[in-house]
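Quick note: to get UniProt numbering, add 11 to the position in the sequence shown (first position is 1).
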Amino acid sequence: TPGVLEVIVGPMFSGKSEELIRRLKRARIAKQRVGCFKPDIDLRYHRTAIASHSEQTHEASVVTPNSDRLREELFATGLVDRIEVIGLDEVQFFDEGILPLTMELIHLGKRVILAGLDTTFANEPFGPVPNLMALADKVTKLNAVCMVCGQPAIHTQRLGHSQELVVVGAVGMYEARCRAHFQPYVEET
Ligand code: ADP
């Protein structure tokens, strides 16, 4: 029987990592074997675990955000045969190849749980995430709290004017914002 694809999205601070960690911990309580991965682009708090902003953690393998490399990690090692549940955080940093890889895992009967940002700080769809949402059995869209007014926030506001494309986890670089208080980040020329 095929597995299921669960996708958890929302802005930064919406609790995606928390929710992913919660689901993986429950799977382990149910005696299912869990494999968890995160891209090496985000080593904010831990090198060997996914961590939420609220300091919950779950052990994870750090991988290059490249779907061929992740496929290798799963298949070349035989790991895929030993796990039933696969969690992946920060899925927005992967390439489009994550779609066929995910579907392959689903057809092998795996439960795949992906968490990531649905939009960039420029308010554009973020990488493969919208397409993954379209293929999912279940999509959970979480809200954060707007740092201006306290209303539910769906956007990630980049503060300041960094020239780097990806600035990860730098404290004070990002804030959750509602529609009314979000201003898409525009690169200065
Ligand atoms: P995400 O993975 O979506 O970035 P995390 O799971 O890492 O989110 O962190 C969620 C936690 O962040 C919340 O439980 C709360 O403790 C904290 N937090 C900090 N700022 C905010 C905010 N603006 N809105 C909601 N939670 C926040």
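C-beta: ideal position from N, C-alpha, C; glycine also.
Distance between residue j and residue i (C-alpha atoms, nearest Å)
| i | j | result |
| --- | --- | --- |
| G171 | R188 | 15 Å |
| R37 | P76 | 26 Å |
| A60 | G138 | 23 Å |
| A155 | T88 | 38 Å |
| residue 246 | V15 | With the chain represented from 12 up to 200, any question about residue 246 goes unanswered, as that position is not in the structure. |
| D51 | M144 | 23 Å |
| L146 | G26 | 22 Å |
| T113 | R82 | 10 Å |
Proximity winner among the options, relative to residue i (alpha-carbon distances)
| i | options | result |
| --- | --- | --- |
| A133 | Y196, A191 and Q43 | Y196 |
| residue 7 | R169, M184, A164 and G183 | Outside the displayed range of the chain (12 to 200) lies residue 7, so it cannot be described from this structure. |
| G98 | A87, P141 and I117 | I117 |
| R34 | I19, F24, S25 and M23 | I19 |
| R80 | K49, G26 and I124 | K49 |
Proximity of residue i and residue j at Cβ, strictly below 8 Å
| i | j | result |
| --- | --- | --- |
| I30 | L153 | Checking the sequence shown, residue 30 turns out to be Glu, not Ile. Yes. |
| V140 | D148 | no |
| N142 | L90 | no |
Neighbour-count burial assignment, residue i, 16 or more Cβ in a 10 Å radius
| i | result |
| --- | --- |
| I40 | exposed |
| P13 | exposed |
| D100 | buried |
| C160 | exposed |
| S65 | exposed |
Range covered by the beta strand (DSSP E) that runs through residue i
| i | result |
| --- | --- |
| K49 | V45 to P50 |
| K121 | That residue, K121, is in no beta strand (DSSP E); it is neither H nor E in DSSP. |
Delimiting residues of the alpha helix (DSSP H) encompassing residue i
| i | result |
| --- | --- |
| S28 | K27 to I40 |
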